[in-house]
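Residues 1 to 1105 in the UniProt record's numbering are what the sequence shown lists, from first letter to last.
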Amino acid sequence: ETECGWDHLYVYDGDSMFAPMVAAYSGLLLSKGSSTKLPEIVTHSGSAFVHFYSDAVYNMSGFNLTYSVNGCSRNCCSHGECVDGACQCSPGWSGDDCCTQVCPQDCNGGACDKEEGRCICDTSMKGEDCSIAVSAPHYEAQPATGWVRGRAMHQALILGDAMWILGGESFTELDQQIAKYDFIAQKWHTVKPTTTSAPANRYGHSVVMYRGKLYLFGGTLRDGRTSNDLWRWDPEELRWAQLSPHQPECQNELCPPLTASGHTAAIVDNTMVVIFGHNPDYGYLNVVQEYTFGTNKWEIVQAKGAIVKGGYGHSSVYDPVRRQILVFGGYHSQTTTGVVVDYLYSYQPLERTWTLLAPSASHRYLHSAVLLHRMMLVFGGNTHNDTAFSTGDRCFSADLLAYDIECDSWQTLSVPSSSYLQLERFGHSAVVYNESMYIFGGFNGQMLTSIVKFTPGSCRSFSTPEKCITSATGIKCAWNPDKKACQAFHLFNATKGIHTCPRKSAANLTVLCEKQTSCPSCLQNNYGCVWCGTVCAHKRCPKGSKGLADARENQTDVEQCQQSESSNCDKLHNCHACHTEFHCGWQNDHRCYTFVRDSGNKTEKAVLSDNYRVKCDNSCSSRTTCKACVSGSCMWCISQQRCLETNAYAATFPLAQCTEWTTTKCSALSCEDFQTCSACQEHERCGWCDDGSNTGKGQCLEGSASGPLSPAGSTYRVNASLCPAPNWYFTDCPKCQCNGHSTCNGSSECLQSCQHRTEGPHCEHCIAGYHGNPANGGNCTPCFCNNHGTFCHRETGKCNCTTKGIIGPNCDRCDEQNHYVGSPQEEGGTCFYNLSIDFQYTFNLSSEDYYRNINFMNVPIKVGNDVEFTISCSGKAYVNISIGSGGQPPSRADGDAEPALLDSRKCDNIKLPFYDEKHNFGSQNTTFFVYVFNFTTPFVLQISFSQHRALDLLQFFITFSSCFLSLLIIAAILWKIKQKYDLYRRRQQLFVEMEQMASRPFAGVTLELDSEPDGSSKQFQDGMKQTQGHPTPVALEPCASGKAAVLTLIVRMPTGGQEHTATGQSGLAIASALVSLGTLCKSDTIKEDGKSDCWKPSSHPGTCI
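If you want it as structure tokens, here you go:
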């Protein structure tokens, strides 16, 4: 088990990978645990070279490999003895490997011919054990004599009673480009052309037959080029002729005929229709090309209908009844990756229209398809569609699918076969002859030569209408009510019989509709979809569909689709293909977008100028070097020296032609790049030639176990002049491996110490302070670090700078991004960290690196202010401080330079003042330079420069007193203002109260005042009784609750028995009292005649007081 298509186990018949390849295994090879299906390879050169390559995308269980020398096939399956390389089978077993049982299962009721070792079945049964009914579909091996080269991705056609095979890919140079199988004689013939001019060997091409001639177009040549030439083969005269079409000058981006591989072709009337394929520049083609035989002209068709995605390795068959081409499966691109699909398209060449049909739910490519009895039979193919992990998809499939053209439905047929029959394959061909399908060749890890015959079942075995119309025998059956029999559908008029189609699931149709993203694809299919403005739905639009206008609700007519909804830009997956459409533009996110413009009440495709398009880089196929290839997001095949798109691997190398590839590195790709024996022999193409000095020096060359090789035409041969045989090592290395810097004393250990400034068990490293590659006699060069480092990386020479802030491979520049400045490349120069004034900095050098020094600089900017310097270190270190001007440190060569302010002072906690009187800060750009050195990491440092004036006590007290008195005066003024303001507010409040009092309601009261009579007079007392009335209040002020009030009366003051009150006193007074209000009087009020009464003032009737 290995990753299909990417991980391969290569087997060569020889002692190197320059020998002929005989197998390239990939994928899942074990079928249902049957050991008889395990592949077996026989090499005849006396050697076998095995190479396994994996790209490590995901892991699988791998493989087990066993071998034998001069053994027998499959060890005679334990049913015989191996004598001189041949099996002598035990009784009851036969075959070259003794794996075939004679008359298995006692022929299931048939007769056993022991002399022939086979079963003789009765007329109703067939098969090797008579277990298969004659009416059932079945596989069988087609006998063939003669010789044919195993091949894949060839083309086959029936002409008379012969099957013609043209082209194809083989592991070796194809020396049999045309082969013919005679069905009558059951024999292969090699066909030799009578002309010297012939098409180059190719695979992935197409072949059609027109008026008895075969026409070959396109394909991939063995040198990797994709072709667009058209050749005609005359089977009668055995002549090739290349056709040169009459093409007018092309003004478009796409000019026919486009080079293509993995396409298909069909004949419709007098036109050859070429569908899809892969182009090295445009990727997977979405176009249809037509070649007209009468005019000898090519044309690229502007197809209508559904927007389809083209691909590679699909199949196509022409249905003459409905005049349509059925296109199924294939390998399609998805941006930078690829995917195997199960799509089925119908192309109507007369209307040039695409229609979507029912998908098969079984994706595959490089399969075959034929039309037989109104059924399209699809066999085999590559079904692997895994990307991140394996789900069991097979690299080589033996599935047989049947598509019912009348019902637009699929069936998977279960067909019995012999245990020894190898069915799994892809890249094969299939043809129809005498109502049977014949499968030839293909690839299953080996190039196959066998012919497998498939015979469909018979409809006559079904006795009821239900069984008849639901049969799965590889033929479409219909019930004949007149004869009450089941018959093949193509044999009688279907209107007289009963044939019904299986009902399609509404859920499946809903899913299919929802997958359509364009209006034409939504409406040009058999799913029953409607277009809803921006989405596709089954039968009717969902409520609240976005972008849905009332006039377009449930749209079903494809003619009503707007241009902006009919774009194919999203299906163009490289820049060059995108720019073949005038309305498409490739953008920086590596996607192709549709550009539209408003036109009235609708949108239509816009003509896009080059200003709005990203300029396309050179196509991957045009890049001829590894470096140019990987720089353009392409894939470089090392063994084929070819560049391709990352999504084109399956289309470019479908048959394991690329043994190693890369998308990143371009080093160590050829034998000359390796400098040691062990590294040399890790590459499958290389061997080591020792120079004989017993020091380990030598040369890595392409070669085999026999010796170094040189090209000899299309093959290689041993060239002993390149390396003497005793000095050639292909599978092991010389014992002494000292890289030319020492010798060995009878063992594999190098004598120490190594020479030429090298060290190590094999003298494979430079000593400290030197760098280089000492392998195979290489030199070690001293590290050059501009006196800012001693050691460097011993391979690259990158210096380990010892001063923080100095960077560069040679410690030649300052880390300006982190605020270090200076000129370290000059003699005595270094880098300084520029400290700002009045900030404290902490430098945490926690990692254990090579730093031993760090330097600082500071420019005091305040004129007349002193400077205070502080520094503290977490470990042992020393400090130097000097001062310079103009931002430059003082030169040590200058004898007039000022002495250092601090020299080699131990760095602990240092705090130093520097006075402006001495250094004149700010006026002459005075600069401090601080050097901290001889520390070891990890190390923490804190440093700061601060600048301030000296304290003047007299000025301080004068300033303080002035400020204090100013504050007192301001406080007194504010207090006086507050007093004035409070007095003003009180007066204003009094005015408001007076106004409120003056606005209260008032009224006048007339007071009748009589002289007080003599109280002793009886007459007076009697008069009083007669005239006395009730007391009447002059005012009654109710409270807010209405239950109480303030009652005001005028009363006469006592006179003391005199006629008038005493002098100085008032005779009258106003009296007020709080009283309660109510409607009844209390029981203790004045009583008269035994009843209570109320005082009822005239101004307040009904109020009881």
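Where a beta carbon is used, it is the ideal one built from N, C-alpha and C, also for glycine.
(request) Can you grab the Cα-Cα spacing for the pair V308 / W354, in whole Å? (result) Approximately 7 angstroms between the Cα atoms of the pair.
(message) Measuring only the C-alpha atoms, how far is Y716 from S45?
(response) Here the alpha carbon of Y716 sits roughly 15 angstroms from the alpha carbon of S45.
(message) Excluding the 5 residues flanking N865 on each side, which residues of the same chain have their C-beta closer than 7 angstroms to its C-beta?
(response) Exclusion of the five residues before and after N865 leaves D916, F921, Q947, H948 and R949 as the residues of its chain whose Cβ lies within less than 7 angstroms of its Cβ.
(message) In this structure, how does DSSP classify Y649 when only helix, strand and coil are distinguished?
(response) If DSSP states are grouped into helix, strand and coil, Y649 belongs with the helices.
(message) Can you tell me whether E253 is helix, strand or coil according to DSSP?
(response) Coil, per DSSP.
(request) Can you tell me the Cβ-Cβ gap for G110 and C130, rounded? I've got them flagged as a contact below 8 angstroms. (result) The pair is a contact, with the Cβ atoms about 4 angstroms apart (cut-off 8 angstroms).
(message) Just to confirm my understanding: we take R623, look at its own chain, exclude 5 residues before and 5 after, and list those with CB closer than 7 angstroms. What are they?
(response) Result list for R623: C629, G632, C634 and C643, in chain order.
(request) With 7 angstroms as the threshold, decide whether the Cβ of T194 is near any Cβ in chain C. (result) Reference to chain C is not applicable here, since this structure consists of a single protein chain.
(message) Quick check: the segment 899-909 against the segment 956-969, are at least 3 beta-carbon pairs closer than 8 angstroms?
(response) Contact between the segment 956-969 and the segment 899-909 is absent: fewer than 3 CB-CB pairs across the two stretches fall below 8 angstroms.
(request) Could you work out which residue in V431, D812 and V530 is closest to S316 when comparing CA atoms only? (result) When each option's Cα is compared against that of S316, the closest is V431.
(request) Assuming residue 1107 contacts C77 (C-beta within less than 8 angstroms), just tell me the rounded distance between them. (result) Lying before the first or after the last residue shown, residue 1107 is absent from the chain, which here runs from 1 to 1105.
(request) Would you kindly report the start and end of the unbroken alpha helix (DSSP H) that includes T959? (result) Segment L953 to A998, the alpha helix (DSSP H) holding T959.
(message) Classify R374: buried if its beta carbon has 16 or more other beta carbons within 10 angstroms, exposed otherwise.
(response) Under this definition R374 is a buried residue.
(message) Assuming L377 and A369 are in contact, meaning their beta carbons sit under 8 angstroms apart, how far apart are those beta carbons, in whole angstroms?
(response) Confirmed, about 7 angstroms.
(request) Would you list the residues sitting across from Q942 in a DSSP beta bridge? (result) DSSP lists T842 and S872 as the beta-bridge partner residues of Q942.
(message) Run through the DSSP bridge pairs and tell me what R717 is partnered with.
(response) Paired residues: S710.
(message) Between which residues of its own chain and H683 is the CB-CB distance below 7 angstroms, once the five residues before and five after are set aside?
(response) Answer for H683: C671 and F674, listed in chain order.
(request) In angstroms with no decimal places, state the Cα-to-Cα distance between D1084 and P1033. (result) Note that D1084 scores a pLDDT of 43, beneath 50, so its modelled location is shaky; the value from the coordinates is reported in the next line. Looking at the two C-alpha atoms, the distance is approximately 20 angstroms.
(request) Give me whichever residues DSSP pairs with G1042 in a beta bridge. (result) Answer is none; G1042 lacks a bridge partner.
(message) Just to confirm, is the Cβ distance from W188 to V148 under 7 angstroms?
(response) It is a contact, given that the beta carbons lie within the stated cut-off.
(request) Would you identify the three-state DSSP class for S419, choosing helix, strand or coil? (result) DSSP, read as helix, strand or coil, puts S419 in coil.
(request) Name, in chain order, the residues that DSSP records as bridge partners for E81. (result) According to DSSP, which records beta bridges pairwise, E81 is partnered with Q88.
(request) Just list the alpha helix (DSSP H) runs in the segment 897-925, keeping only unbroken ones of 4 residues or longer that don't cross its boundaries, in chain order. (result) Runs found: 916-919.
(request) Measure the C-alpha to C-alpha separation of C4 and M60 and round it to an integer number of angstroms. (result) In a straight line, the C-alpha of C4 is about 10 angstroms away from that of M60.
(request) Report yes or no: do three or more beta-carbon pairs, one from the segment 458-467 and one from the segment 428-446, lie closer than 8 angstroms? (result) Below 8 angstroms, too few C-beta pairs join the segment 458-467 and the segment 428-446 to call them touching: fewer than three.
(request) Give the secondary structure of Y851 by DSSP, where H, G and I count as helix, E and B as strand, and everything else as coil. (result) Three-state result, Y851: coil.
(request) Sort E253, M997 and E236 by Cα distance to H576 and report the nearest one. (result) Closest by alpha carbon: E253.
(request) Give me the Cα-Cα distance between V287 and V301, rounded to the nearest whole angstrom. (result) Looking at the backbone, the Cα of V287 and that of V301 are separated by about 7 angstroms.
(message) Using a 10 Å radius around the Cβ and a threshold of 16 neighbouring Cβ atoms, would you call K192 buried or exposed?
(response) Classification of K192: exposed, given that the 10 Å Cβ count is below 16.
(message) Taking its Cβ as the centre, do 16 or more other Cβ atoms sit within 10 Å of G1015, making it buried, or is it exposed?
(response) Legend: pLDDT at G1015 = 49, less than 50; position of this residue unreliable, value from coordinates given subsequently. It counts as exposed.
(message) According to DSSP, simplified to helix, strand and coil, what is N694?
(response) DSSP places N694 in coil when its eight states are reduced to three.
(message) Quick check on the DSSP output: the alpha helix (DSSP H) that includes V859 runs from which residue to which?
(response) Under the DSSP assignment, V859 falls outside any alpha helix (DSSP H); it carries neither an H nor an E label.
(request) Decide if T556 is buried, meaning its Cβ has at least 16 other Cβ atoms within 10 Å, or exposed. (result) Within 10 angstroms of the beta-carbon of T556 lie fewer than 16 other beta-carbons, which makes it exposed.
(request) Look up W240 in the DSSP assignment and give the residues it is bridged to. (result) Its beta-bridge partners are W233.
(request) Provide the residue span of the beta strand (DSSP E) that contains L523, from first to last. (result) Taken as a continuous stretch (DSSP letters only), L523 belongs to no beta strand (DSSP E), being part of the alpha helix (DSSP H) at C519 to L523.
(request) Please report the residue range of the beta strand (DSSP E) in which Q289 lies. (result) Its beta strand (DSSP E) spans residues V288 to T292.
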